[in-house]
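Colleague: Count along the sequence shown from 1, add 839, and you get the number used in the numbering used here.
Glycine included, each C-beta is placed from N, C-alpha and C at the ideal position.
Keep in mind it's a predicted model, so treat the numbers as computed, not measured.
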Amino acid sequence: GSAKQGRDRKFQAILPIRGKLINVEKARLDKVLQNNEIRTMITAIGTGIGDGEGEGAFNLEKLRYHKIIIMTDADVDGSHIRTLLLTFFYRQMPQLVKQGFVYIAQPPLYSITRKKKTDYIDDDVQLNRILLQNGVEEVKLKNLSDGREFTPKQLEEILTLLESLDKHATYIKRLGGDFAEYVEKRAKDGTLPQFMVKVRDGNDETVHYFLSNEEVDKFKAANNDLFGNDTEIERKKDGPTRRAKVSDLHLESKATGDLLGKLAKKGLAVDHYTAQDKPLFELTEGEGERATVTPLFSIPEILNGVKAVGKKGIQMYRFKGLGEMDAKELFETTMNPAKRRLLRVDLNEHNYIEAEEMFVTLMGENVEPRRDFIFDNALNVRNLDV
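1. Looking only at its chain, what residues have a beta carbon closer than 7 Å to the beta carbon of F928, apart from the 5 residues adjacent to it on each side?
2. Are S841 and A1166 touching if we call contact CB-CB under 8 Å?
3. Going by C-alpha distance, which of Q931, M910 and D847 is nearest R878?
4. Starting from S918, follow the alpha helix (DSSP H) in both directions and report where the run begins and ends.
5. List the residues that DSSP assigns as beta-bridge partners of M1155.
6. G858: buried (16+ other C-beta within 10 angstroms of its C-beta) or exposed?
7. Thinking C-alpha only, which one of A1114, G1106 and L1142 is nearest L1122?
8. Measuring only the C-alpha atoms, how far is P946 from R1183?
9. Is it a yes or a no for the stretch 947-965 touching the stretch 1142-1154, going by three-plus beta-carbon pairs under 8 Å?
10. The alpha helix (DSSP H) with A1194 in it runs from where to where?
11. Which residues mark the beginning and the end of the beta strand (DSSP E) in which N982 is found?
12. Enumerate in chain order the residues of its own chain whose CB-to-CB distance from L1186 is below 8 Å, with the five nearest sequence positions on each side excluded.
13. Hey, how far is the Cα of T1117 from the Cα of L1014?
14. Exposed or buried, which one is R1039 when buried takes at least 16 other CB atoms within 10 Å?
15. Quick one: Cα of G917 to Cα of K1101, how far?
16. How close, in whole Å, do the beta carbons of L1000 and L1098 come, if the pair is a contact with beta carbons under 8 Å?
17. What is the DSSP secondary structure of V863, counted as helix, strand or coil?
18. Between the beta-carbon of S1137 and the beta-carbon of H1111, is there less than 8 Å?
19. Would you kindly report the start and end of the unbroken alpha helix (DSSP H) that includes R1025?
20. How big is the Cα-Cα spacing for L902 and Q873?
21. From G825 to G895, what does the alpha carbon distance come to, in whole angstroms?
22. Using only alpha-carbon positions, find the residue among A1094, L1090, D1064 and K870 that is nearest to R1268.
23. With a threshold of 8 Å on Cβ separation, who are the neighbours of K870 within its own chain once the five nearest residues in sequence on each side are excluded?
24. Would DSSP call V1036 helix, strand or coil?
Given below as structure tokens:
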């Protein structure tokens, strides 16, 4: 509705997907062509489908639009519809993707209103940056170990380091690990673990950290039943599936170690990354009698504390559906060529094999690889609506 009303009618057309879109990875071609939504898309795009010859075969010269833009809601259903559409283009109109005609719209994720001014925020990174900027203006941070109060510039530098560190913590978490535990497992000289092994036995998972390749080899030798030849996977016909996955953390170890070292030079000890029994810092918001003092028991609490202060006085709204924006908002943020952000879908000789494996895994008939993919990537999910 709002997309159709908001478009520029001179050069933009909207094709609503109203019915259920068929999964072309599983269905026979005759079934695909019986699907109303698929037939409507083929007609609208104008190129035909497939790699045959004659009437109805794919012909790029008949393409009616230079940009085919997928625009879906920012929720699970929207992601599913987008994946079904990408599967259709990949299987039936691959030349559209190879030639760079297929795009994914990038509508804003948030709107924030402060002092009667509304801004649209593209992603969580941009949102966090704004919240921290707002928070720094309102707080002071004191190190209780020496009573020193950080200057605003020093606090900004600390927050920049903590933001970078948080990205590495998120990465470790996505692999199935715990960042605080990862830091605790460092060697006496401060070297962080170089490898992480995640073991799944049925529904139970355990995580092990190792400082060297030799330690990983010893673990493999002692747990030979977990590892196949090169696949690192062995399935048991009787009983639960047992798997082990090794993650190389050399790059993470180096980058994280550098960040922790820089924080240590600023008076934030590595040992204080995990929560302590006594407060390590004080975060003061406001001045004089109205000041609010918050004790902080770990280094990560600094980032979260400043961000929490930055949220005050802001009205924040997360968009889940395109219909939550009116026609003018949707055009200005998502459809206006002068302002919009688009993600071009790319298919080339370098990523073709990876793309093929992904479509077969996620959209194919075989359930087992899809189940394993879900188990392995469950922690990578963002913005999940349940």
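Modeller: Reading it off the structure:
1. L935, V936 and V941
2. Between S841 and A1166, the C-beta gap is smaller than 8 Å, which places the two residues in contact.
3. Q931
4. V915 to Q931
5. I951
6. exposed
7. Minimum Cα distance to L1122 is reached at L1142.
8. 14 Å
9. yes
10. Taken as a continuous stretch (DSSP letters only), the alpha helix (DSSP H) holding A1194 covers Y1191 to M1202.
11. V978 to N982
12. Y929, P933, V936, K937 and A1194
13. In the sequence as displayed, the identity of residue 1117 is Lys instead of Thr. Using only the alpha carbons, I get a separation of about 31 Å.
14. buried
15. Straight across, the Cα-Cα distance linking G917 with K1101 is about 42 Å.
16. Correct: roughly 6 Å between the Cβ atoms.
17. Three-state DSSP puts V863 in coil, outside helix and strand.
18. yes
19. Premise fails: R1025 is in no alpha helix (DSSP H) and is neither H nor E.
20. 22 Å
21. Outside the shown range of the chain, which is 840 to 1225, sits residue 825, and nothing can be said about it.
22. This structure cannot speak to residue 1268, because the chain is shown only from 840 to 1225.
23. I861
24. strand
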